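Just below is one structure, and these are the notes that go with it.
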Amino acid sequence: MERLHAIHDRALANGVPDIALVDCDGLREIEQNAEGLAALHSPHTAIIDYPGLTDALVADFRAHGGRVRFSTPIKSIDHRGGPTSRGSAIVHTPVDAQEIDHVIVCAGLQPDRLAARSGQKRTPTVVPFFGQYFILDEVHSNTVNGLIYPVPDPKYPSLGVHVTRRIDGGLMIGPNAVLSFSREGYRGLGLNIPDSLAVAADPGFWRFAAGNMATAARELPGVLSIERFVAEAARYVPSLAGPGGHRATRGIRAQAMKRDGTLVDDFVIDRAGATMFVRNAPSPGATSALAIAEHLIGIIDGR
Ligand SMILES: Cc1cc2nc3c(=O)[nH]c(=O)nc-3n(C[C@H](O)[C@H](O)[C@H](O)COP(=O)(O)OP(=O)(O)OC[C@H]3O[C@@H](n4cnc5c(N)ncnc54)[C@H](O)[C@@H]3O)c2cc1C
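Each residue of the sequence shown is one higher than the one before, counting from 13 in the working numbering.
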């Protein structure tokens, strides 16, 4: 309850519209299958069709003369101009090199590697965590009306398994958060030897691991058994225990970590000449993408 009230206070301080604390009866009026002592109701919280959003952004960008190059890995970025000047940047791909006035690097799971290849410091490094999702059979789709989150426990680096009503009306639960053996391992065992060795060779990781055995103990049963995974969500929506469904594609989170093994919660943006490295853009980075873009443009414009 103390943590719930603290989140409420923070939401009010940040001007979250129409946020309200409700007791257990109020919770039942909004979500008849949910259980709890109290809850925070945020009536404007929703999900959107994110591929639709990115398609629209690409269309706008092209309409303004922009060119999009898919499947073109950036190998490195060189600074052109004196050490103190803004200069420009040379962006190297496997097929060409281009001089560009302003470069903004948003490399998701790879920013530390791209920064290192571009002569910048590697830290914060990225530790990948995969998150599994479970989609319930259609017959259970009306169990909840919206998105339901547990009260996050600051002891753990993740939010905890939550319930999402998807754009297509289906019900999804997840994600858990488990150390990934690959930065881009979306299928199968997801084992990538260089990625695993890079994590194991990072002294910060072992300091982090030593302090996070509780997290591993909490998350591992859910990886091994779907029932245990679903049981996490059934703590606050009991009727979810039992229904059938199937596993969905996993997501992989880029968790930034300092040299001493502490995790970086906030956004990290570094600048080197004409290049801006977005080194850590954790959730809600997608929701905030346009606001972050305005912030970055403000930095470039010297605002
Ligand atoms: C499981 C999960 C659930 C999430 N849920 C939410 C949520 O509900 N709401 C929310 O707001 N946020 C959520 N997030 C967070 C959100 O996805 C991130 O904040 C956001 O995607 C970060 O954007 P980005 O551009 O920095 O990285 P990304 O979206 O990862 O994009 C980086 C892109 O760069 C490409 N790339 C990498 N290296 C290179 C290279 N060398 N050359 C060329 N291209 C390269 C990658 O292939 C990728 O396409 C979630 C994340 C995960 C993993």
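Ideal placement from N, C-alpha and C gives every residue a C-beta, glycine not left out. Predicted, not measured: the structure shown is a model, and the values here were computed from it.
Cα-Cα separation, Ala301 to Ala58: Locating residue 301 in the sequence shown gives position 289, counting from the first residue. Locating residue 58 in the sequence shown gives position 46, counting from the first residue. When only Cα atoms are considered, Ala301 and Ala58 end up about 16 Å apart.
Status (buried if at least 16 other CB within 10 Å, exposed otherwise) for His91: Position 79 of the sequence shown, counted from the start, is the residue given in the question as residue 91. A residue is called buried when at least 16 other Cβ atoms come within 10 angstroms of its Cβ; His91 meets this threshold and is buried.
Need the endpoints of the beta strand (DSSP E) that Glu41 sits in, please. Position 29 of the sequence shown, counting from 1, holds the residue named residue 41. Glu41 -> not in any beta strand (DSSP E); alpha helix (DSSP H) instead, spanning 36–42.
Just grab the DSSP bridge partners of Tyr145 for me. Locating residue 145 in the sequence shown gives position 133, where the first residue counts as 1. The partner list for Tyr145 (beta bridge, DSSP) reads Ala260.
To which residues of the same chain is Cys118 closer than 6 Å at the C-beta, ignoring the five residues directly before and after it? For the purposes of this step, residue 118 is taken as residue 106 along the sequence shown, with counting starting at 1. Cβ-Cβ distances below 6 Å link Cys118 to Val290 in the same chain, with the five nearest sequence neighbours on each side left out; the list follows chain order.
Taking only heavy atoms of ligand 1 into account, decide whether any of them is closer than 7 Å to the Cβ of Ser295. Position 283 of the sequence shown, counted from the start, is the residue given in the question as residue 295. For ligand 1, at least one heavy atom lies less than 7 Å from the Cβ of Ser295.
To the nearest angstrom, how far is the alpha carbon of Ile147 from that of His56? As a first step, residue 147 must be located in the sequence shown, where it is residue number 135. As a first step, residue 56 must be located in the sequence shown, where it is residue number 44. When rounded, the distance between both Cα atoms is 24 Å.
Boundaries (first-last residue) of the alpha helix (DSSP H) holding Ile318: The structure shown does not extend to residue 318, since the chain is modelled only from 13 through 315, so no value can be given for it.
Limits of the beta strand (DSSP E) - the one that Phe289 falls within: Counting from 1 along the sequence shown, the entry for residue 289 is found at position 277. Counting along the chain, the beta strand (DSSP E) containing Phe289 begins and ends at 287–292.
The alpha helix (DSSP H) enclosing Val175, as first and last residue numbers: Position 163 of the sequence shown holds residue 175. Segment 174–177 is the beta strand (DSSP E) holding Val175; no alpha helix (DSSP H) there.
Kindly indicate which three-state DSSP category His152 falls into: helix, strand or coil? Locating residue 152 in the sequence shown gives position 140, where the first residue counts as 1. If DSSP states are grouped into helix, strand and coil, His152 belongs with the helices.
Regarding Ala128 and ligand 1, is the C-beta to nearest heavy atom distance less than 7 Å? Looking up residue 128 in the sequence shown gives position 116. Not so, every heavy atom of ligand 1 lies at least 7 Å from the Cβ.
In whole angstroms, what separates the C-alpha of Gly158 from that of Arg315? Counting from 1 along the sequence shown, the entry for residue 158 is found at position 146. Counting from 1 along the sequence shown, the entry for residue 315 is found at position 303. Those two C-alpha atoms are separated by around 39 Å.
Straight-line Cα distance separating Asn45 from His258: Here residue 258 refers to the residue found at position 246 of the sequence shown. Here residue 45 refers to the residue found at position 33 of the sequence shown. Rounded to the nearest angstrom, the two C-alpha atoms are 21 Å apart.
Leaving out five residues on either side along the sequence, give the residues of the same chain with a beta carbon under 6 Å from the beta carbon of Met184. Counted from its first residue, the sequence shown places residue 184 at position 172. Within the same chain, Met184 has close Cβ partners Tyr145, Ile147, Thr176, Arg178.
Could you tell me if Asp207 is buried or exposed, where buried requires 16 or more neighbouring beta carbons within 10 angstroms of its beta carbon? Looking up residue 207 in the sequence shown gives position 195. Residue burial annotation: Asp207 is buried, with at least 16 other C-beta atoms found within 10 angstroms of its C-beta.
Roughly how many angstroms lie between the CA atoms of Glu41 and Ser170, to the nearest whole one? In the sequence shown, residue 41 corresponds to position 29, counting from 1. In the sequence shown, residue 170 corresponds to position 158, counting from 1. So the alpha carbons of these two residues sit roughly 28 Å apart.
Would you say Leu121 and Ala266 are within 8 Å of each other, going by their C-beta atoms? Reading the sequence shown from its first residue, position 109 is the one you call residue 121. Reading the sequence shown from its first residue, position 254 is the one you call residue 266. Contact flag set, yes.
List the residues that DSSP assigns as beta-bridge partners of Gln110. Numbered from 1 along the sequence shown, position 98 holds the residue referred to as residue 110. Bridge partners of Gln110: Val103.
For the beta strand (DSSP E) containing Ala305, list its first residue and its last residue. Mapped onto the sequence shown, residue 305 falls at position 293. Note, Ala305: premise wrong, no beta strand (DSSP E); alpha helix (DSSP H) at 301–312.
Quick check on Gly186: does DSSP put it in helix, strand or coil? Your numbering for residue 186 matches position 174 in the sequence shown. Strand, per DSSP.
Span separating the alpha-carbon of Arg262 from that of Val28: Within the sequence shown, the letter at position 250 stands for residue 262. Within the sequence shown, the letter at position 16 stands for residue 28. One C-alpha to the other measures close to 30 Å.
At a cut-off of 7 Å, would you count Pro187 as near ligand 1, judging by its Cβ distance to the nearest heavy atom? To locate residue 187, count along the sequence shown from 1; it is residue 175. Pro187 Cβ: within cutoff of ligand 1.
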